[in-house]
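Everything below concerns the one structure shown next.
There are 2 protein chains.
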Amino acid sequence: MVTIYDIAKKTGFSVTTVSKVLNNYSDVSEKTKKAIKAAVEEMDYLPNSHARTLTTKKSWTIGVVFIESLGIGVKHPFFNAVIESFRQEVEIEGYDLLFVSRNISNQKKSYLDHFRYRGVDGVVIVCSTYDDEQVKELIEDPIPTVVIDMSSDQSSVVYSDNYEGSRLAVDHLQSLGHTRIAHIAGHESTFAGEQRKKGFYQAMKALNLEVPDEYVVNGDYFSIEGGARAMKSLLELEKRPTAVYAAGDSLAMGAINAINEQGLRVPEDLSVVGYDDIELAQYIHPALTTIRQQTDLIGQESAKLLLKQIDCKESYVACTQVPVELIIRKSTGPVA
Amino acid sequence: MVTIYDIAKKTGFSVTTVSKVLNNYSDVSEKTKKAIKAAVEEMDYLPNSHARTLTTKKSWTIGVVFIESLGIGVKHPFFNAVIESFRQEVEIEGYDLLFVSRNISNQKKSYLDHFRYRGVDGVVIVCSTYDDEQVKELIEDPIPTVVIDMSSDQSSVVYSDNYEGSRLAVDHLQSLGHTRIAHIAGHESTFAGEQRKKGFYQAMKALNLEVPDEYVVNGDYFSIEGGARAMKSLLELEKRPTAVYAAGDSLAMGAINAINEQGLRVPEDLSVVGYDDIELAQYIHPALTTIRQQTDLIGQESAKLLLKQIDCKESYVACTQVPVELIIRKSTGPVA
DNA sequence: CTTACTTTCGAAAGCGCTTTCGTTACTTGT
DNA sequence: ACAAGTAACGAAAGCGCTTTCGAAAGTAAG
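From first to last, the protein sequence lines are chains A and B. Quick note: the first sequence uses my numbering, first residue 1185, plus one each step. Quick note: the second sequence uses my numbering, first residue 1185, plus one each step.
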């Protein structure tokens, strides 16, 4: 491995001077700058990030942790879109992303410990559930953090405007003539699920629509199976809803499957609207009417929030709410 | 930050001894081991990975690079599944994953340079296209690499048995009575696309089925739109195929959309089989008959291959081919 | 009581880099 | 001519850790 010593020896300057041209210090003459840069080229020198980090205390690395109930990690269609956008944004500034495990030399440690061990400059937390111990530990630590899709008064956060999303969904359904509107909720331990449920109640109330208790059913952890199960229970009701608003696209897809299995059709017999607008929402049959979360924007905003903290060298609290929009496709229609 | 010096001072031993208990050296008495470990606990000491890496030349870090034609990075439904499995596998051994950008202190560098800068122990390359300059540079370097979904005689690789996949698809279609079978191919610059196309020809030949030139059409880069476009051209043929085998699930979904738009139905009018078995294949309408790639296995095998190289400290060439299986769902049926 | 091991520990060098603070030599103004 | 400033460079310490090698002390054997 070629080091600054090698190129110092070759050019006859000191390592100090070499380091200075590498870091654009001004007290180096143009001539020696040229000479050193030439040697750097010729010897194919590359700095050593670890040595650099050791002295500067800056790793140009951002830790990422996925805590989501499904346990599918980077396969999660909403979260991976957000992270991809986040990555593109921080990449511009020169940061790399570190996906860490939880053992250090074969000892199970917390994420926080692992990030401290790795010396990351900040961490982005993708988290759907409240009250995760690991997450709590992270956001209470002075290390800069931003958490996506959750709220907290101890960390910067960014999430979608879930209330507005629910309002858009309900209003849309009502404008089609629906009054018997049910809700398949996300798990109550999830921030987004809870917000959307509350938003649903609120929107229904604003329109003076009644919500029988049986009309709000838990869809578990935003899974397709959970959606199907929830829908089945709705279909067994004597007074069935004519429309259902699901707190996630996967839930909606499960619901549609359950509806079809009963020999009913969407949207003729029942309208359904989802949430997220995942890639596939437009390709299923019928194409899903849904609330789009702007994953690009969410990723960008969280990157901004995190980088700002890293630059100030202190973790501060800010909250960005990202607007949502209603995407009307084929899974909703006028009430029969 | 608490260092080994702090805990040395506290316990009265030397840093050497502290380091030794941290690394399980045998020449330390049980008593001092206890004492030092207690101090480590009490002072909440954590090693510094950068300092450690600097002296040991081992970073416990694996670089990952996504080179895929769609430019969607970690949103790619097949690749992200493979990477997730890969991550879980290397995590057991204590490795973290580094997603890098391509600039070092604001200078555009190659991936190879960036990985050298970061001192990764190995790199996993997810790559669909042949002849990418960056990839070539990486696999020619002595750094351990494994590339997924491609072949190379300079790097370890793991990919699915694409020939067998094509054979399974064609045989299945033929067993349903189809003889006019078309193929929507992946882009010719992709390894998987080419292999599946060749496998298609081979399988057709084995069954003595003819393949008119117009029956093999390019679906571009495995996109939904590409699939739709390709299907349209097939539907315009005077002698239409009764079945189509698409080289990817997205292509198949595009094809189904195009078929539906023409007022035709799957599988009544046309059968279609896809490739990959992505998460959503089972949830679209009709549920997609497809060739399943075992993403878990692919991830595991590539992890094994890479770790072995890292352990031997030399990059060697091996090739693992992972079996595929036919998943029969609702998008294929007997010929009309 | 030697001799020869075996245990247990520590001094010190080194990994590759940054940064502070001097030093030297050279300008400039008067 | 001299003071005062500026430009260009380098010595050395330090970041936190590992590892080699030698020293000291304890133990067993003769």
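Think of the CB as a built atom: it goes at the ideal place given N, C-alpha and C, for glycine as much as any other residue.
Between which two residues does the alpha helix (DSSP H) harbouring residue i extend?
{"i": "isoleucine 1267(A)", "result": "1261 to 1277"}
{"i": "phenylalanine 1299(B)", "result": "1295 to 1302"}
{"i": "glycine 1483(A)", "result": "1479 to 1496"}
{"i": "isoleucine 1323(A)", "result": "1317 to 1324"}
{"i": "leucine 1206(A)", "result": "1199 to 1206"}
{"i": "isoleucine 1188(B)", "result": "1188 to 1195"}
{"i": "serine 1233(A)", "result": "1233 to 1240"}
{"i": "valine 1310(A)", "result": "That residue, valine 1310(A), is in no alpha helix (DSSP H); its beta strand (DSSP E) goes 1306 to 1311."}
{"i": "valine 1284(B)", "result": "Unbroken run through valine 1284(B): none, as it is neither H nor E."}
{"i": "threonine 1216(A)", "result": "1214 to 1227"}
Using 8 Å for Cβ pairs, my map puts residue i next to residue j. What's the rounded Cβ distance?
{"i": "serine 1253(B)", "j": "tyrosine 1405(B)", "result": "4 Å"}
{"i": "arginine 1271(A)", "j": "leucine 1281(A)", "result": "6 Å"}
{"i": "alanine 1520(A)", "j": "glutamate 1452(A)", "result": "7 Å"}
{"i": "isoleucine 1408(A)", "j": "serine 1434(A)", "result": "5 Å"}
{"i": "aspartate 1337(B)", "j": "leucine 1296(B)", "result": "Wrong, their Cβ atoms sit about 19 Å apart, outside the cutoff."}
{"i": "glutamine 1484(A)", "j": "proline 1328(A)", "result": "Between proline 1328(A) and glutamine 1484(A) the Cβ distance is about 17 Å, and since that is not below 8 Å, they are no contact."}
{"i": "alanine 1430(A)", "j": "alanine 1439(A)", "result": "6 Å"}
{"i": "methionine 1437(B)", "j": "glycine 1411(B)", "result": "6 Å"}
{"i": "valine 1310(B)", "j": "leucine 1491(B)", "result": "Going by Cβ atoms, the distance from valine 1310(B) to leucine 1491(B) rounds to 17 Å, so no, they are not a contact pair."}
{"i": "phenylalanine 1262(A)", "j": "isoleucine 1462(A)", "result": "6 Å"}
{"i": "arginine 1380(B)", "j": "glycine 1403(B)", "result": "Actually they do not touch by this definition, with Cβ atoms about 11 Å apart."}
{"i": "serine 1515(B)", "j": "leucine 1472(B)", "result": "5 Å"}
{"i": "valine 1401(B)", "j": "tyrosine 1385(B)", "result": "That pair is no contact at about 14 Å."}
{"i": "glycine 1383(A)", "j": "arginine 1351(A)", "result": "6 Å"}
Would you please verify whether the beta carbon of residue i is less than 7 Å from any beta carbon of chain B?
{"i": "glutamate 1348(A)", "result": "no"}
{"i": "alanine 1265(A)", "result": "yes"}
{"i": "valine 1284(A)", "result": "yes"}
{"i": "leucine 1472(A)", "result": "no"}
{"i": "methionine 1437(A)", "result": "yes"}
{"i": "aspartate 1433(A)", "result": "no"}
{"i": "glycine 1303(A)", "result": "yes"}
{"i": "arginine 1300(A)", "result": "yes"}
{"i": "aspartate 1280(A)", "result": "yes"}
{"i": "lysine 1259(A)", "result": "yes"}
{"i": "aspartate 1460(A)", "result": "no"}
{"i": "aspartate 1190(A)", "result": "no"}
{"i": "glutamate 1268(A)", "result": "yes"}
{"i": "threonine 1329(A)", "result": "no"}
{"i": "threonine 1237(A)", "result": "yes"}
{"i": "aspartate 1480(A)", "result": "no"}
{"i": "alanine 1254(A)", "result": "Checking the sequence shown, residue 1254(A) turns out to be leucine, not alanine. Output row for leucine 1254(A): interface = no."}
{"i": "leucine 1464(A)", "result": "yes"}
{"i": "leucine 1448(A)", "result": "no"}
{"i": "aspartate 1333(A)", "result": "no"}
{"i": "glutamate 1275(A)", "result": "yes"}
For chain A, find out if any of its Cβ atoms is closer than 7 Å to the Cβ of residue i; answer yes or no.
{"i": "histidine 1234(B)", "result": "yes"}
{"i": "glutamate 1324(B)", "result": "no"}
{"i": "histidine 1469(B)", "result": "yes"}
{"i": "leucine 1491(B)", "result": "no"}
{"i": "leucine 1454(B)", "result": "no"}
{"i": "leucine 1230(B)", "result": "yes"}
{"i": "aspartate 1345(B)", "result": "no"}
{"i": "aspartate 1297(B)", "result": "yes"}
Between which two residues does the beta strand (DSSP E) containing residue i stretch?
{"i": "glutamate 1252(B)", "result": "Run containing glutamate 1252(B): none; DSSP gives neither H nor E here."}
{"i": "threonine 1329(A)", "result": "1329 to 1332"}
{"i": "glutamine 1505(B)", "result": "1503 to 1506"}
{"i": "serine 1172(A)", "result": "This structure does not reach residue 1172(A), given that chain A is present from 1185 up to 1520, and the question cannot be answered."}
{"i": "tyrosine 1343(A)", "result": "1340 to 1344"}
Taking 6 Å as the cut-off, is the C-beta of residue i nearer than that to any heavy atom in the ligand COA?
{"i": "leucine 1510(A)", "result": "This structure lacks the ligand COA; in fact it carries no ligand of any kind."}
* Asked: What alpha helix (DSSP H) runs, 4 residues minimum, are completely inside the segment 1357 to 1405 of chain A?
  -> Taking 4 residues as the minimum length, the alpha helix (DSSP H) runs contained wholly in the segment 1357 to 1405 of chain A are 1375 to 1390, in order along the chain.
- Message: Give the list of continuous alpha helix (DSSP H) stretches no shorter than 4 residues that lie fully inside the segment 1407 to 1472 of chain A.
- Response: Counting only runs of 4 or more, we get 1408 to 1419 and 1433 to 1445.
Practice item. May I ask you to verify whether the segment 1193 to 1205 of chain B touches the segment 1374 to 1389 of chain A, counting CB pairs closer than 8 Å and requiring at least 3? Key: No: the two stretches stay apart, fewer than three of their Cβ pairs being nearer than 8 Å.
message: Under 8 Å: do the segment 1310 to 1322 of chain A and the segment 1344 to 1359 of chain A share three or more Cβ pairs, one atom per stretch?
response: In this structure the segment 1310 to 1322 of chain A does not lie against the segment 1344 to 1359 of chain A, because fewer than three pairs of beta carbons, one per stretch, are closer than 8 Å.
Are the segment 1244 to 1261 of chain B and the segment 1212 to 1230 of chain B in contact at 8 Å, needing three or more beta carbon pairs?
Short answer: they don't touch.
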